[in-house]
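**Student:** Taken in order, these protein sequences are the chains called A and B. Everything in the first sequence is counted per our numbering, starting at 1 for the first residue and increasing by one. Everything in the second sequence is counted per our numbering, starting at 384 for the first residue and increasing by one. Before we start, here is the structure in question, set down as structure tokens.
Number of protein chains: 2
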Amino acid sequence: MGQIPRFLSWRNMLVLSLAINFSLILKILKGDRERGDSWDRTAYVSIWPVVSTTASESSSLSSASCNYSKIEEDDDRIINLKFGDPTVYERYWQENGEVTTMVIPGWQSLSYFSDENNLCWFLEPELAKEIVRVHKVVGNAVTQDRFIVVGTGSTQLYQAALYALSPHDDSGPINVVSAAPYYSTYPLITDCLKSGLYRWGGDAKTYKEDGPYIELVTSPNNPDGFLRESVVNSTEGILIHDLAYYWPQYTPITSPADHDVMLFTASKSTGHAGIRIGWALVKDRETARKMIEYIELNTIGVSKDSQLRVAKVLKVVSDSCENVTGKSFFDHSYDAMYERWKLLKQAAKDTKRFSVPDFVSQRCNFFGRVFEPQPGTYKEKQK
Amino acid sequence: MGQIPRFLSWRNMLVLSLAINFSLILKILKGDRERGDSWDRTAYVSIWPVVSTTASESSSLSSASCNYSKIEEDDDRIINLKFGDPTVYERYWQENGEVTTMVIPGWQSLSYFSDENNLCWFLEPELAKEIVRVHKVVGNAVTQDRFIVVGTGSTQLYQAALYALSPHDDSGPINVVSAAPYYSTYPLITDCLKSGLYRWGGDAKTYKEDGPYIELVTSPNNPDGFLRESVVNSTEGILIHDLAYYWPQYTPITSPADHDVMLFTASKSTGHAGIRIGWALVKDRETARKMIEYIELNTIGVSKDSQLRVAKVLKVVSDSCENVTGKSFFDHSYDAMYERWKLLKQAAKDTKRFSVPDFVSQRCNFFGRVFEPQPGTYKEKQK
Chain A
1 MGQIPRFLSW
11 RNMLVLSLAI
21 NFSLILKILK
31 GDRERGDSWD
41 RTAYVSIWPV
51 VSTTASESSS
61 LSSASCNYSK
71 IEEDDDRIIN
81 LKFGDPTVYE
91 RYWQENGEVT
101 TMVIPGWQSL
111 SYFSDENNLC
121 WFLEPELAKE
131 IVRVHKVVGN
141 AVTQDRFIVV
151 GTGSTQLYQA
161 ALYALSPHDD
171 SGPINVVSAA
181 PYYSTYPLIT
191 DCLKSGLYRW
201 GGDAKTYKED
211 GPYIELVTSP
221 NNPDGFLRES
231 VVNSTEGILI
241 HDLAYYWPQY
251 TPITSPADHD
261 VMLFTASKST
271 GHAGIRIGWA
281 LVKDRETARK
291 MIEYIELNTI
301 GVSKDSQLRV
311 AKVLKVVSDS
321 CENVTGKSFF
331 DHSYDAMYER
341 WKLLKQAAKD
351 TKRFSVPDFV
361 SQRCNFFGRV
371 FEPQPGTYKE
381 KQK
Chain B
384 MGQIPRFLSW
394 RNMLVLSLAI
404 NFSLILKILK
414 GDRERGDSWD
424 RTAYVSIWPV
434 VSTTASESSS
444 LSSASCNYSK
454 IEEDDDRIIN
464 LKFGDPTVYE
474 RYWQENGEVT
484 TMVIPGWQSL
494 SYFSDENNLC
504 WFLEPELAKE
514 IVRVHKVVGN
524 AVTQDRFIVV
534 GTGSTQLYQA
544 ALYALSPHDD
554 SGPINVVSAA
564 PYYSTYPLIT
574 DCLKSGLYRW
584 GGDAKTYKED
594 GPYIELVTSP
604 NNPDGFLRES
614 VVNSTEGILI
624 HDLAYYWPQY
634 TPITSPADHD
644 VMLFTASKST
654 GHAGIRIGWA
664 LVKDRETARK
674 MIEYIELNTI
684 GVSKDSQLRV
694 AKVLKVVSDS
704 CENVTGKSFF
714 DHSYDAMYER
724 WKLLKQAAKD
734 TKRFSVPDFV
744 SQRCNFFGRV
754 FEPQPGTYKE
764 KQK
């Protein structure tokens with residue numbers, strides 16, 4: 001995988017590899033060196049970044065610190081905890097494939113336009129409907145009186161939010177900060193074009209400059225999985241909330257999130273990373289308008305087919321939650337995460353070579369029971 | 384359509400509206416004021432920018448010059464030549480819907496990865512195959528020893544090329560120039576983030592600065608439809624070729640294009656604008672690698688579903704060309720363009736209120752006959 005570029009390091013902290021790799025840890029720690037079994041192969045196929053294993057590095061996660069040298073399939077002693085790919089929910093979607101199957105005729109998606117009457121003219125109405133519905137079913141975000149902006153993943157929406165929230169006068173770039181440890185690709189995305197509108201300002205915990213700034217709040221946080229609030233003590237902060245992991249398989253849903261700009265993505269909620277669809281719930285019309293403007297300039301809208309697919313997937317998710325007889329998607333994904341964290345905790349206990357964080361249990365309004373977070377990302381406990 | 388944002392002005396210069404609007408011109412010039420027929424309605428639905436009607440404005444096309452105020456359906460005297468939407472080929476795709484229909488199961492597109500062994504790891508192999516095939520069938524671009532980079536439309540690829548070709552040292556932003564009249568969104572895209580890597584440098588015809596620069600060559604050009612070559616007389620130019628319209632329905636294919644960076648898009652070739660897929664053929668590996676890096680940072684790859692759809696559409700196009708018994712996609716689309724230009728020319732002749740450019744006929748290697756360009760964009764002839 002030498003060809004997977006350096007920036008991908010730490011990205012997306014996906015769940016499947018985490019657990020697969022944990023299984024491998026267990027295997028290897030127990031001295032199981034047998035070759036050629038399916039777990040080994042899966043580990044090498046799963047090459048998405050998953051965890052930070054050293055606490056000291058996590059606040060300055062740099063792409064340069066990642067080694068993307070090719071992992072040979074015949075070397076089963078190497079476990080790459082940095083990579084993953086969200087196929088953790090694959091079995092669920094295979095078992096529920098029928099209702100989620102889409103048929104797209106050849107004449108679909110000729111037009112650029114999805115909804116001429118919507119401020120976000122490239123948003124498919126069906127997707128908008130299912131976004132509102134799934135948030136209502138799960139209770140994880142307020143959608144009333146919000147503008148929905150669809151993006152090619154939440155990564156594009158993060159950039160759209162920066163474009164929308166930065167001053168466009170001659171005041172120079174606004175600082176963008178986030179409390180360490182933060183998702184290491186944020187600084188790379190922010191600074192890659194040397195924008196005169198915004199620049200990465202580092203750790204929000206130590207940020208002391210006067211004047212306006214943008215604070216990015218990722219909750220549950222990537223990579224450590226903790227719930228977060230803004231930390232800069234100033235009235236001049238503009239907040240962006242990345243809530244990619246605020247779903248009940250990862251953390252108790254304690255209340256509907258209610259912030260100015262909230263980002264979500266199909267990659268983390270349903271596991272459909274390859275469709276590249278994210279959405280923002282935005283309180284202010286002008287902010288939404290400028291986010292839309294950015295997406296027009298950047299990609300002239302968002303794939304209609306992908307939107308329709310995510311609409312169908314979200315519909316199946318909501319339907320599964322409202323169907324009282326079977327296991328819902330979140331029951332399934334919660335169980336998958338639970339099993340994997342159980343393996344990880346056991347491995348940590350057995351070896352003492354690494355440790356897991358202490359999470360606080362809370363009551364989840366969606367499941368109606370108390371449990372502790374089981375994040376889709378993992379960062380070793382600080383010592 | 385007051386909500387269609389200003390930047391969209393002039394974008395994409397799509398074909399359908401052009402012709403529909405031409406029909407409207409004819410109708411109105413002939414005094415046909417009858418209300419409520421289907422053409423009128425179509426004209427108001429078609430709101431994509433299509434043409435520049437005044438030669439003097441075209442070299443400095445500004446978004447501010449476009450009036451996006453809502454066009455009332457009951458005002459059939461207003462013809463908006465600036466907007467369009469690529470449904471010109473809709474009938475073809477409806478008639479050939481069966482073979483182009485896609486069935487996507489719910490478990491598809493969970494992974495971020497399309498091809499781990501490809502430099503462009505998010506490029507679907509099937510799309511890569513069909514891109515090479517269609518260029519070979521049409522003979523409009525060299526694909527041998529080229530890297531294919533897929534993008535969320537060619538707009539994203541333009542930005543990826545800027546990122547890849549700009550110096551990343553402290554030399555300051557490189558100038559990006561293009562011969563006027565140029566597609567007016569280019570400067571908006573280039574300058575929207577006030578990048579320190581690149582900036583819009585204006586008309587290539589009058590560009591005299593020393594040092595490296597990027598010249599954007601759009602051929603056939605948008606908006607005037609003429610074939611183009613680079614115009615800056617310097618050895619320090621880095622070229623990007625936007626060949627979105629270099630297909631036989633728009634212009635004679637005289638030879639396979641053979642440039643360092645060539646951009647194409649499904650929007651113009653097959654009319655599937657809403658799928659948002661473009662591709663670049665790139666000679667230099669390092670340039671391709673950096674373009675891929677940009678797309679990773681910008682959107683973490685490109686929708687897999689959309690790629691697979693375009694792969695299927697391109698397959699049908701190539702199959703239709705190799706099937707000697709029926710009308711190929713390009714036969715169909717050539718005829719559609721021919722009919723519409725015939726209407727436009729007749730309208731120009733009848734009214735003398737506007738004129739059409741004089742294009743030179745050339746032999747098209749694909750069709751094996753001589754014809755004159757019939758561009759997907761229109762700009763009034765200079766006087």
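Beta carbons: idealized from backbone N, C-alpha and C, even for Gly. Treat the numbers as computed from the prediction; the structure is a model and nothing was measured.
(1) Let me know the secondary structure DSSP gives residue 229/A once reduced to three states.
(2) Please classify residue 518/B as buried or exposed, where buried requires at least 16 other C-beta atoms within 10 Å of its C-beta.
(3) Name, in chain order, the residues that DSSP records as bridge partners for residue 175/A.
(4) Give a yes or no on whether 9 Å exceeds the smallest Cβ distance from residue 469/B to chain A.
(5) Beta carbons nearer than 7 Å to chain B: which residues of the segment 253–287 of chain A have them?
(6) Mind pulling the chain A residues with CB within less than 7 Å of residue 698/B?
(7) Return yes when the Cβ of residue 275/A is within less than 9 Å of the Cβ of residue 309/A, no when it is not.
(8) Exposed or buried, residue 370/A, counting other C-beta atoms within 10 Å across all chains shown (16 or more means buried)?
(9) For chain E, is any of its Cβ atoms less than 9 Å away from the one on residue 723/B?
(10) Is residue 578/B buried or exposed, if buried means 16 or more other CB atoms sit within 10 Å of its CB?
(11) According to DSSP, which residues form a beta bridge with residue 575/B?
(12) Going by the CB atoms, is the gap between residue 690/B and residue 398/A shorter than 9 Å?
(13) I believe residue 110/A touches residue 758/B by the beta-carbon criterion, under 8 Å. Please report the beta-carbon distance rounded to the nearest angstrom.
(14) Assuming residue 572/B contacts residue 542/B under a Cβ cut-off of 8 Å, what Cβ separation, rounded to an integer in Å, is found between them?
(15) Do the CB positions of residue 532/B and residue 510/B come within less than 9 Å of each other?
(16) From the beta carbon of residue 112/A, is the nearest beta carbon of chain B less than 9 Å away?
(17) If contact is defined by three or more beta carbon pairs under 8 Å, each pair taking one atom from either stretch, is the segment 559–566 of chain B in contact with the segment 596–612 of chain B?
(18) Mapping DSSP to helix, strand and coil, what is residue 517/B?
(19) Which residue marks the beginning of the alpha helix (DSSP H) containing residue 715/B, and which one marks its end?
(20) List, in order along the chain, the chain A residues whose C-beta lies closer than 8 Å to that of residue 539/B?
(21) Kindly indicate which three-state DSSP category residue 239/A falls into: helix, strand or coil?
(22) With H, G and I counted as helix, E and B as strand and the rest as coil, what does DSSP make of residue 301/A?
(23) List the residues of chain B whose Cβ lies closer than 7 Å to the Cβ of residue 94/A, in chain order.
(24) What separation, rounded to the nearest whole angstrom, lies between the Cα atoms of residue 291/A and residue 246/A?
(25) So, is residue 294/A buried or exposed, given that buried needs 16 or more other C-beta atoms within 10 angstroms?
(26) Using the Cα positions of residue 556/B and residue 697/B, report the straight-line distance between them to the nearest angstrom.
(27) By the three-class DSSP mapping on this structure, what secondary structure does residue 506/B have?
(28) Verify the CB distance criterion: does residue 337/A have a CB-CB separation below 9 Å to chain B?
(29) So residue 309/A contacts chain B; which residues on that side make the cut at Cβ distance below 8 Å?
(30) If you drop the 5 nearest sequence neighbours on each side, which residues of the same chain put their C-beta closer than 7 Å to that of residue 262/A?
(31) Do residue 287/A and residue 165/A have their CB atoms nearer than 9 Å?
(32) Just the Cα atoms here: how many angstroms apart are residue 100/A and residue 600/B?
(33) Excluding the 5 residues preceding and the 5 following residue 502/B in the sequence, name in chain order all residues of the same chain whose CB lies nearer than 8 Å to its CB.
(34) Looking at the unbroken beta strand (DSSP E) that takes in residue 278/A, where does it start and where does it end?
(35) Quick one: does residue 577/B have its CB under 9 Å from some CB of chain A?
(36) Looking at chain B, is there any beta carbon in it that lies within less than 9 Å of the beta carbon of residue 312/A?
**Tutor:** Taking the geometry as given:
(1) coil
(2) The residue in question, residue 518/B, is buried, as its Cβ has 16 or more Cβ neighbours within 10 Å.
(3) 199/A and 213/A
(4) yes
(5) 271, 272, 273, 274, 275 and 276
(6) Those do not exist, as residue 698/B stays about 11 Å from chain A at its closest Cβ, beyond 7 Å.
(7) yes
(8) exposed
(9) This model lacks chain E altogether, as its protein chains are A and B.
(10) buried
(11) According to DSSP, residue 575/B bridges with nothing at all.
(12) Here chain A has residues from 1 to 383 only, and residue 398/A is not among them.
(13) Rounded, the Cβ-Cβ distance is 19 Å, inconsistent with contact.
(14) The C-beta separation of residue 572/B from residue 542/B comes to about 6 Å, placing the pair in contact by the 8 Å criterion.
(15) no
(16) It does; some Cβ of chain B falls within 9 Å.
(17) Output reads yes: the segment 559–566 of chain B touches the segment 596–612 of chain B.
(18) Residue state for residue 517/B is assigned as helix, using DSSP reduced to three classes.
(19) In the DSSP annotation of this structure, the continuous segment of the alpha helix (DSSP H) that includes residue 715/B starts and ends at 712–734.
(20) 298 and 299
(21) strand
(22) coil
(23) 490
(24) 22 Å
(25) buried
(26) Approximately 38 Å, taken between the alpha carbons.
(27) Looking at residue 506/B - three-state DSSP - the assignment turns out to be coil, as it is neither helix nor strand.
(28) no
(29) 487, 492 and 688
(30) 141, 241, 243, 280 and 281
(31) Between residue 287/A and residue 165/A, the CB-CB gap stays under 9 Å.
(32) 44 Å
(33) In its chain, beyond the 5 residues on either side, 530, 668, 671, 672 and 675 have a beta carbon closer than 8 Å to the beta carbon of residue 502/B.
(34) Looking at the DSSP string, the run of the beta strand (DSSP E) that includes residue 278/A is 278–282.
(35) yes
(36) yes
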